[in-house]
Every structure is written in C-alpha cells, then in structure tokens.
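Read the structure below first, then the notes.
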Amino acid sequence: EIIGFMIQNEESDDTWSIFFEYLKERGLKGTELIISDAHKGLVSAIRKSFTNASWRCQVHFLRNIFSSIPKKNSKP
Numbered sequence: 001e002i003i004g005f006m007i008q009n010e011e012s013d014d015t016w017s018i019f020f021e022y023l024k025e026r027g028l029k030g031t032e033l034i035i036s037d038a039h040k041g042l043v044s045a046i047r048k049s050f051t052n053a054s055w056r057c058q059v060h061f062l063r064n065i066f067s068s069i070p071k072k073n074s075k076p
C-alpha cells in the first residue's frame with residue numbers, strides 16, 4: 001500500500017518536513033521506528049517530526065543484525 005508520495009526539487013530538511021506533515025495529515029500516527037539512510041536533511045526532519053520515534057541508519061541496522069547471526073547459519 002502506498003501511503004503517500006511527493007515530488008520535490010531538492011532533498012532537504014524543509015522538503016522532508018513538508019512530506020512528513022503530509023503523511024500525518026493523511027492519518028500517519030504512532031510511529032515508533034524509522035529506518036532510513038543518513039541524509040542530513042532527512043535525519044533532521046525525522047527528529048523534528050517524530051520526536052518519540054527511534055531512528056536507525058539502514059546500513060548500520062543491517063550490519064548489527066548480520067553480526068549477531070552465527071557464521072555457520074549465514075549464506076556465503
């Protein structure tokens with residue numbers, strides 16, 4: 001299900017904040033975890049728009065998961 005999309009001329013704190021407010025107006029609530037890349041504008045907007053949510057960089061999130069899997073259980 002697509003919950004929303006927006007086309008902007010740049011990727012910045014302001015444009016991400018506008019997009020997050022748009023999602024909230026469409027009914028997004030109770031956000032607890034956000035996984036994204038570490039783009040500065042995005043991270044800043046997440047912190048302002050979702051003050052109660054945890055944020056994780058997707059690369060570090062996956063590295064942490066894979067580091068906890070025993071090597072014998074991981075595929076080459």
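Those letters in the sequence shown? Residues 1 to 76, per UniProt numbering, in order. Where a beta carbon is used, it is the ideal one built from N, C-alpha and C, also for glycine.
Which same chain residues, not among the five before or five after residue i, have their C-beta less than 6 Å away from its C-beta?
i, result
"residue 38", "57"
"residue 64", "none"
"residue 15", "8"
State the CB to CB distance for the pair residue i and residue j, rounded to an integer number of angstroms; the pair is presumed to be in contact (CB under 8 Å).
i, j, result
"residue 53", "residue 32", "6 Å"
"residue 12", "residue 30", "Contact doesn't hold; Cβ gap of about 26 Å is too wide."
Under 8 Å Cβ to Cβ from residue i, same chain only, skipping five residues before and after it: list those, please.
i, result
"residue 22", "4 and 6"
"residue 24", "49"
Hey, would you say residue i sits closer than 9 Å to residue j, going by beta carbons?
i, j, result
"residue 17", "residue 48", "yes"
"residue 19", "residue 8", "yes"
In the region 32-65, which residue ranges form an unbroken alpha helix (DSSP H) of at least 4 residues, counting only runs that do not cross its ends?
40-49
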